[in-house]
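In our numbering, the protein residues as written are 71 to 153.
Printed below as a string of structure tokens:
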């Protein structure tokens, strides 16, 4: 048996939702959870981070094409359309 393998970790939506600040920012998409805190710290103050920080602690799968896993060309968020 290979003992170097790590077990897959699973997170509930409420666990992801608890990480909703710029210093502790998680998002989930397409079945995986990502800690984006280092990204936010590296680019702190960059206006391009606004969509990510607004969705901290939530699922952003709607941003991606589930078939190709690419970023969707057209994304509707609330009342605005992002192209």
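Heads up, the beta-carbon is just placed ideally off N, CA and C, and yes, glycines get one too.
Are residue i and residue j closer than 8 Å when you measure CB to CB?
i           : j           : result
residue 142 : residue 135 : yes
residue 81  : residue 133 : no
Spatial neighbours of residue i within its chain, please: CB distance less than 7 Å, with the 5 preceding and 5 following residues excluded, ordered by chain position.
i           : result
residue 105 : 96
residue 119 : 110, 113
In whole angstroms, what separates the C-alpha of residue i from that of residue j?
i           : j           : result
residue 110 : residue 92  : 7 Å
residue 115 : residue 75  : 38 Å
residue 83  : residue 126 : 12 Å
residue 123 : residue 130 : 11 Å
Among the residues of its own chain, which have a CB less than 8 Å from the CB of residue i, if the five just before and after it don't count?
i          : result
residue 86 : 96, 97, 98, 103, 127, 128, 129
- List in chain order: all unbroken beta strand (DSSP E) runs of 3+ residues lying wholly within the segment 91 to 137. For the segment 91 to 137, whole beta strand (DSSP E) runs of length 3 or above, ordered along the chain, are 94 to 99, 102 to 105.
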